[in-house]
Structure formats: structure tokens, C-alpha cells
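Just so we're aligned, residue 1 is where the sequence shown starts under full-length UniProt numbering, counting upward by one.
Single-structure report; data block below.
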Amino acid sequence: TEGKHKSKSNYLVAGIKWFAILILVSMVINFVQDSFGIKTESPQTSNILLRFFDVSLAPLTEEIAFRVMLIGIPLFAMYAHRSSFGSFFKALWHPSENLQIKLSTRVLVLIVVVGVLFGVAHVISGEPWSSGKFAQATASGIIIGWVYFRMGLVSAILIHWATNYFVFSYVYMITDFAEISVEQAFKHSLMMTLEILFIALGILSIAIMIFNRYNFKKKEKLEI
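Pasting the structure below:
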């Protein structure tokens, strides 16, 4: 029981960490693109409820299409030692846990390529974003692809959903209460405060990752 609790706790911490890093990376990309006059504009819709439905459904459909189909199945084809239905679905559910995969260039290249396809899909789909979304969606696709590989499908869906929902819920809440436009809501003090908090959390998460990596390398050298 203690081991299961610790495992769930570790997954929760890791999920929050990657969520914060994804938000930080997205903000940095937006800042850089804005500096060059490249705007990131979402598809226009007059129905807010329909928009919320779309951002809630997207994590399910997109994670199945891009992570399960384009990462999970190729990884199973490359690394599976058994070809039963059970092992197949377990591998798609959590690749790194159910496949004997040593992190290799092939895995990283696959995750990056699918991330780029994820970015392209956002600007050429039926109701496309502006071209400024490509870099942000590509970076998000790579991060979520890594999360899917290391932590499984549920974590990837939750982080994807949280990212979508965080932005739209707070923006529309501010728009409604302050009676301002969506564009003005992004510059509202509450939104800016939340952004600062996530920037700090994202930087802290990256610092912890670097520190843990350094300690791991140091421990390896001592064991040798």
C-alpha cells in the first residue's frame, strides 16, 4: 500500500512538473514570436460552450491519434517480444513500463517527428489556428509525447486537457467578470499573475530536473 501511494504521489508530482514546463515553454515561444510580430490566433467561434466542448474533447482524440497511433504502435512494432492482445494494449497504455525499451535515438526521433506532425495539424486542420501556433503546438507535442512514453496515456491526456482548460477557463472567466474582450483578458492582471506563477514553477521544475540528473550522473561515477 505504501509503495502504491508513493508511486501515485510520484506520478502526481511528475504530472504537475511537466504541466508547468509545458506552460513555460509555450509562454517563451509566444513571447519570442510576438517580438517578431508573429501572432498566435485561435479558431473563431461565437459559441463559448462549443469551444469548451472542443478543448475538452481534443485531448482524447488527439492523444489517441498522435500518441497512441503514431508513437505507441510503432514502439510496439519495434520493441515488443510478445504479440498477444494483452501485451499490445498494455504497451499502448504505458510504453516505457510494458516494453523493454532502452532510451535510444530512434525513440527520441519518433517523438520529435510526431511532435512536428502535431504542430502541422494545428495549422492545416478544418478550423485552423494561425501559423504562429505551429511552433507552440510542436513543442507541446514533443513534451506530451515524452510524457506518454514515460508516464502513459492517462498522464498525457490529463496534461493536455489541463493545458487547454487552464487557458480557456481563466480567459473566459476574466472576460465575463471584467466585461472585456478576449484579447484584453490575456493582458489582465489576474492572467498575468497566473502566468508569473507558472513561469516560476516551470523554472523550478527544470532546475530540479537538472539537479536530479546531475546527482544521478554523480552516483553512477561513484559506483564505477
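The beta-carbon is built from N, C-alpha and C at its ideal position, and this holds for glycine as well.
Bear in mind that the values here come from a model prediction, so they are computed numbers and not experimental data.
Residues Ile180, Ala185, His188, Leu190 and Met191 of the same chain have their beta carbon placed closer than 8 Å to that of Ile174, with the five preceding and five following residues left out of the count. Sixteen is the threshold: when 16 or more other Cβ atoms of the shown chains lie within 10 Å of the Cβ of Ile111, as they do, the residue is buried. Going by C-alpha positions, His160 is about 16 Å away from Val13. Of the candidates Ser56, Asn30, Thr138 and Asn10, Thr138 places its Cα closest to the Cα of His122. As for any alpha helix (DSSP H) of minimum length 4 sitting wholly inside the stretch 74 to 150, the runs are 85 to 93, 95 to 98 and 105 to 124, ordered along the chain. Within a 10 Å sphere around the beta-carbon of Met69 sit fewer than 16 other beta-carbons, which makes this residue exposed. The Cβ atoms of Ile206 and Trp18 lie no closer than 8 Å to each other. Three or more pairs of CB atoms, one per stretch, sit closer than 8 Å, so the stretch 100 to 118 contacts the stretch 72 to 92.
Contact between Ile21 and Gly202 holds, with the beta-carbon distance rounding to 5 Å and staying under 8 Å. For Ile157, the enclosing alpha helix (DSSP H) begins and ends at Leu153 to Ala178. DSSP, reduced to helix, strand and coil, places Ile38 outside both helices and strands of the structure shown, so it counts as coil. Shown here, Ser56 sits in a helix according to DSSP, grouped into three states. Going by C-alpha positions, Phe31 is about 19 Å away from Leu204.
Beta-carbon to beta-carbon, Arg67 and Gly115 are separated by about 10 Å, too far to satisfy the 8 Å threshold. Within a 10 Å sphere around the beta-carbon of Ser140 sit 16 or more other beta-carbons, which makes this residue buried. The DSSP-derived three-state label of Asn47 is coil. Gln100 is classed as exposed because its beta carbon has fewer than 16 other beta carbons within 10 Å across all chains shown.
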